[in-house]
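Report on one structure; see the data block that follows.
2 protein chains.
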Amino acid sequence: MASTANDTINEWLAKLNAALANNDSQQAAELFAPESYWRDFVSFTWNLKTMEGRKEIAEMLDATLESAKPANWTLEGDASEADGITEGWIKFETSTSRGEGHLRLNADGQAWTLLTTAYELKGHEEAKGSTRPKGVEHGLFQGRKTWLENKQQEEAELGYERQPYCVIIGGGQGGIGLGARLRRLGVPTIIVEKNPRPGDSWRNRYKSLCLHDPVWYDHMPYLPYPDHWPVFAPKDKIGDWLEMYTKVMELNYWSSTVCKKAEYDEASGEWTVEVERDGKTVELKPKQLVLATGMSAVPNIPDIPGMDSFKGDIHHSSKHPGGDKYAGKKVVVIGSNNSAHDICADLWENGADVTMVQRSSTHIARSETLMDLALGGLYSEQAVANGITTHKADMIFASLPYRILPGLQVPVYAAMKERDKDLYDRLEKAGFMLDFGEDDSGLFCKYLRRGSGYYIDVGASELIANGDIKLKTGQTECITETGVMLADGTEIPADVIVLATGYSSMNGWAAQLINQGVADKVGKVWGMGSDTTKDPGPWEGELRNMWKPTQQPGLWFHGGNLHQSRHYSSYLSLQLKARMENIPTPVYGLQEVHHTG
Amino acid sequence: MASTANDTINEWLAKLNAALANNDSQQAAELFAPESYWRDFVSFTWNLKTMEGRKEIAEMLDATLESAKPANWTLEGDASEADGITEGWIKFETSTSRGEGHLRLNADGQAWTLLTTAYELKGHEEAKGSTRPKGVEHGLFQGRKTWLENKQQEEAELGYERQPYCVIIGGGQGGIGLGARLRRLGVPTIIVEKNPRPGDSWRNRYKSLCLHDPVWYDHMPYLPYPDHWPVFAPKDKIGDWLEMYTKVMELNYWSSTVCKKAEYDEASGEWTVEVERDGKTVELKPKQLVLATGMSAVPNIPDIPGMDSFKGDIHHSSKHPGGDKYAGKKVVVIGSNNSAHDICADLWENGADVTMVQRSSTHIARSETLMDLALGGLYSEQAVANGITTHKADMIFASLPYRILPGLQVPVYAAMKERDKDLYDRLEKAGFMLDFGEDDSGLFCKYLRRGSGYYIDVGASELIANGDIKLKTGQTECITETGVMLADGTEIPADVIVLATGYSSMNGWAAQLINQGVADKVGKVWGMGSDTTKDPGPWEGELRNMWKPTQQPGLWFHGGNLHQSRHYSSYLSLQLKARMENIPTPVYGLQEVHHTG
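Protein sequences, first through last, are from chains A and B.
So the first sequence is numbered by my numbering: it starts at 2 and just counts up by one.
So the second sequence is numbered by my numbering: it starts at 2 and just counts up by one.
Shown next, in the form of structure tokens:
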């Protein structure tokens, strides 16, 4: 079976090799099915880009073949066949990089999906394994500097006597992981973080918080958690891990440092980034600026009439101190997504009288069920036992273009609806408005489209179903001196109001830091133009502005959950390294901007 | 081939199974060759013990079968055959533990070597992989404690309101690795360390120090170094790794804490360990006390006449501050082992005028050659590529009983002598006295027998050969006001004298901490009775007192290089855990004491 499948893939690759060697884009495109997808990360396009159908594929090849000079397409390991689809892992090269990817052929031997990704730049490979540094330089010479002396010198000089090539604003998991990749690639980088310690962005959140994604999904690059690491790590434990990770990966991490502003000089292609460190203003002059402030950088605070008149505490969920402060208090939480649920549960556990105000329908996915049905195949102990490494899982996931992803997800969430019917019935009976996404494609698609609209249930849904957390539905009309009034006239008395009202697009951070002009120029960040709530069309095919060139030269956005930060930081780091090394990086299909935020 | 080899091993295991099931020790012993070895770690003997020949094997089985109740001997993976020896990995069980091991059969189908090791206690398995903790407790309940609160409570209470089961004196790599294993096994443990930070025992050494063993040999338990880690890690980098390891493994690490004394109460089976922490005396009451102060805990300071009259600096190598203090000074280093060479090189690099005094012959092994010829098969990038994991390498190494190890090592060092002939010739020409061990068995055997007598050459030998480091040979007659005088009357002027004169047996630390009586009762630590220099007979078969029960109940010694600390900490931790859980641990063949230090 493997042998037939291998032959099928090998024959197709041979035809692709031949067409590309002839610079015959049309012939290459005809190897694809009429409905087909070529998803490319960096290797051909120096972009993250999905070409849909033969025409787009041919156009991309017309534009890139001359510089990419792809060659040496080979099957890696054994291919397999199931339900008429033959699939396999591939390797290939371009003029400047080595690539790996994944190919699916339909029953007619035409490509349905092709993923091509760059994993290293020729001549600029990471030093690892057999090419790792020696550490000690054997042989002896006078005046040698030790590792510690070199490290201390770098720490003293970088940002002062010599400039980093790259500055990352935001030292959470995203900035740290990208920083580690850049360190391994030898790109001088400073990470700017306002908190005193790496990991504080987790530590500072409400005290009962644990990761909602399981451990197999959450590894950082290069240094996986040991195998006793809990399935859902508590926030402070993740904080400690990030702190030690930053240290052992030897990142130039400027903690307790605030970025005041940034300005780009088009002529010199250089940023001036003003930061305050140790009470002094420091001007950094990097060529590349990465905003890794997180999807939760810019709180979305609704303008509810009467907010100023409220006599109790009112704060956005990002400022919520934890429930232990509010035992016995009446707390109203406005919102019904992850943070709202977590905060309600935490308040209830601490003996507050809690009311949730749900303004629109919410997707509830029980954590256990999500792990079983949605993640288990790729990210679980079973997957590990089946030989699906973290990297392989990331690549399998990436091999599914965003256009077809929702259709593949619908059956998963139909099964979830069935399995947890009892909970869903009881939630609806309690008045909770449920959805499974506009096209029933569930949680991950909602996350990709809008980064919100769901709760991964680790227990709070039960409290809502049984009334321990009170539920009101409707829009907020206004806030009074003593509580919240809904559009239907219901008044909910409150000592404390928590606005769990989410976050704005990350380019809002560019507006604050650089200026509104640049924020508008790069436009909305996240979402892929699915034409669903909070993700207006037109169709983009990839997440807007994430991990790829933007309309603002030298400005990049990095972030996402731990899985995305881990996987996509690889492509972002290669793009930055290539620019530092003056490798030509002709960007194909730079994203147009349709929405300013 | 594998299939024949598999049959051979399976047949032998079936016979062993049958004999043991019949409690027929004699029949079992006859499955072994007349010259044969059964090395057992914990599973049968609750000891580290090698039985040599049928008689000793039968005696051990007579004493242990009833309690051990071994069963389910099976071949793991494929066996192999080469040069008449058939070998394979095995698994088995006893009444209390699960075991793994290795078997070699000779051409007659008789066992030549058998290794049996316990890897987990039934009912007390480490929570890892599919049994890892959940982290968050799903579902909600009021008054829940977070991970951080539990951790802070444990830190506040352990050693004060409740007592640790185990106290480890010494928080270097050994104490830390053992602490991590005990943490995973749920044995409440405090590690007492005099330095302020984990890793300081490395940081405090002379600044040019790098590990002499390569990275593949040096992993800590559970959390391997990432694959960019240098081959020979600089001391401060290892220091940082140990610091973060201590933190993420959540060890109860009492830094800046000095152990003043310890006393054992035979009646209660409890230690009273007096430590000074934060300026206050704290009395710890553990059941088990582990000395992990390192083989380099008790400096061996020779009593050279005139030492007090010397007008310059004189210090033991363990107190050497690094060469940068001594530019332009005349320094005499007494000794010619690892530390002596490293310190001479460091001094020379810093512009000192250095003379080494060699008092007896020394084994020089070039690091590169050692890696190629001696370690490469088990600990190298190539070994990793061949599927030899760190654990597998440790087990292969352990499968060779100490009686036969020297014979297997002789050809390795003969090849080394050939390969590096040029260096050795030039060293001899410079007057350096060379050896390769008394039986030419080389470095590792010297290490096991006496822990000294060699230098892993990372460059200093070249400086001695070319005269950059001056060399004098002979005994030290006395120290004058201005230098060192040798027995032949040579006087060497010195501003500084470094006594690189090694360390005493680790029971010297027991003498300091507990009393001389206990030190004498447990006797010499390290060495195996090879009847060579510094390792007097009779033959012991295993290292004296290391990682196994001693004549002093509740007192254990832990240490060795990173490889040994990693591997043997597993057996020590199981012995401690079993005692905590009141699992019967009948010790077979408790070591007799022949030497007091």
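All C-beta atoms in this analysis are idealised placements derived from N, C-alpha and C, irrespective of residue type, glycine included.
The structure displayed is predicted, hence computed values, not measured ones.
Short Cβ contact (7 Å threshold) for residue i with residue j
| i | j | result |
| --- | --- | --- |
| serine 44/A | glycine 89/A | no |
| phenylalanine 42/A | threonine 97/A | no |
| aspartate 219/B | tryptophan 349/B | no |
| glycine 503/A | serine 566/A | no |
| alanine 20/B | glutamine 28/B | yes |
| aspartate 440/A | proline 412/A | no |
| proline 227/B | leucine 224/A | yes |
| alanine 497/B | aspartate 325/B | Here residue 497/B turns out to be valine, not alanine, going by the sequence shown. Cβ distance not < 7 Å, so valine 497/B and aspartate 325/B don't count as in contact. |
| methionine 434/A | serine 362/A | yes |
| lysine 248/B | aspartate 201/A | no |
| glutamate 244/B | arginine 198/B | yes |
| glycine 175/B | methionine 221/B | no |
| leucine 104/B | tryptophan 39/B | no |
| glutamate 264/B | threonine 273/B | yes |
| valine 526/B | phenylalanine 558/B | yes |
Residue i - partner residues in DSSP beta bridges
| i | result |
| --- | --- |
| cysteine 479/A | Met486/A |
| glutamine 359/A | Thr474/A |
| glycine 323/B | Glycine 323/B is not bridged to any residue. |
| leucine 49/A | Phe42/A |
| lysine 92/B | Thr75/B, Glu101/B |
| serine 81/A | Glu88/A |
| arginine 1/B | The requested residue 1/B does not occur in the structure, where chain B is confined to residues 2 to 598. |
| cysteine 260/A | Val276/A |
| proline 547/B | In the sequence as presented, proline is not what sits at residue 547/B; that position holds methionine. DSSP output for methionine 547/B lists Phe558/B as bridge partner(s). |
| glutamate 126/A | None; glutamate 126/A has no bridge partner. |
| cysteine 167/B | Thr190/B, Gln289/B |
| tyrosine 226/B | Its beta-bridge partners do not exist; DSSP assigns none. |
| valine 299/B | Paired residues: none, contrary to the question. |
Proximal residues to residue i (C-beta, below 6 Å), its chain only, five neighbours per side dropped
| i | result |
| --- | --- |
| threonine 75/B | Lys92 |
| asparagine 339/B | Tyr456 |
| alanine 72/A | Glu94 |
| glutamate 126/A | none |
| lysine 522/B | Gln552, Gln553 |
Cβ shell of residue i (< 8 Å), same chain only, five flanking positions each side left out
| i | result |
| --- | --- |
| glycine 270/A | Lys288, Pro554, Gly555 |
| tryptophan 148/A | Gly136 |
| leucine 444/B | His364, Ala366, Leu371, Ala375, Tyr414, Gly438, Tyr455, Ile457 |
| histidine 213/B | Phe233, Asn339, Ser368, Ile457, Val459 |
| alanine 466/B | Leu424, Arg427, Leu428, Lys430, Ala431, Phe433 |
| threonine 9/A | Ala80, Glu82, Thr87, Leu106, Gly110 |
| alanine 384/B | Trp217, Gly377, Gly378, Ala394 |
7 Å CB neighbourhood of residue i in its chain, flanking five on each side removed
| i | result |
| --- | --- |
| lysine 549/A | Asn48, Leu49 |
| glutamate 267/A | none |
| alanine 626/A | Look at the range of chain A in this structure, 2 to 598, and you will see that residue 626/A is not part of it. |
| phenylalanine 398/A | Leu379 |
Residue-chain proximity (residue i, chain E), Cβ-Cβ < 7 Å
| i | result |
| --- | --- |
| glycine 173/A | The chain inventory of the structure shown lacks chain E, comprising the protein chains A and B. |
Task: Any 3 or more C-beta pairs closer than 8 Å across the segment 254 to 264 of chain B and the segment 230 to 241 of chain B - done: Short answer: they don't touch.
Task: Short-range partners of chain A found in the segment 446 to 473 of chain B, where Cβ spacing is below 9 Å - done: Cβ contacts with chain A: Asp458, Val459, Gly460, Ala461, Glu463, Leu464, Asp469.
Open item on the list: Closer than 8 Å is the cut-off here; do at least three beta carbon pairs connect the segment 341 to 357 of chain B with the segment 462 to 476 of chain B?
Closed with: These segments touch.
Open item on the list: Would you call the segment 447 to 461 of chain B in contact with the segment 336 to 346 of chain B, where contact means no fewer than 3 C-beta pairs closer than 8 Å?
Closed with: Yes: the two stretches touch, three or more of their Cβ pairs being nearer than 8 Å.
Open item on the list: At a CB distance below 7 Å, what residues from the segment 219 to 245 of chain B approach chain A? Give them in sequence order.
Closed with: Listed in sequence order: Tyr223, Leu224, Pro227, Asp228, His229, Trp230, Pro231, Val232, Phe233, Ala234, Pro235, Asp237, Lys238, Asp241, Trp242, Met245.
TODO: Specify whether the segment 536 to 551 of chain A and the segment 390 to 407 of chain A touch according to this definition: at least 3 beta carbon pairs, one from each stretch, less than 8 Å apart.
DONE: Per the Cβ contact rule, the segment 536 to 551 of chain A is in contact with the segment 390 to 407 of chain A (3 or more Cβ pairs under 8 Å).
Task: Validate contact between the segment 503 to 514 of chain B and the segment 294 to 304 of chain B using beta carbons, cut 8 Å, 3 pairs - done: Contact between the segment 503 to 514 of chain B and the segment 294 to 304 of chain B is present: three or more C-beta pairs spanning the two stretches fall below 8 Å.
Open item on the list: Closer than 8 Å is the cut-off here; do at least three beta carbon pairs connect the segment 273 to 285 of chain B with the segment 160 to 170 of chain B?
Closed with: The segment 273 to 285 of chain B is in contact with the segment 160 to 170 of chain B.
- [ ] Scan the segment 199 to 216 of chain A for residues whose Cβ lies nearer than 7 Å to a Cβ of chain B and list them as they occur along the chain.
- [x] Listed in sequence order: Lys208, Ser209, Cys211.
Task: Short-range partners of chain B found in the segment 343 to 354 of chain A, where Cβ spacing is below 8 Å - done: Along the segment 343 to 354 of chain A, going in chain order, the ones with a CB nearer than 8 Å to a CB of chain B are Ala346, Trp349, Glu350, Asn351, Gly352.
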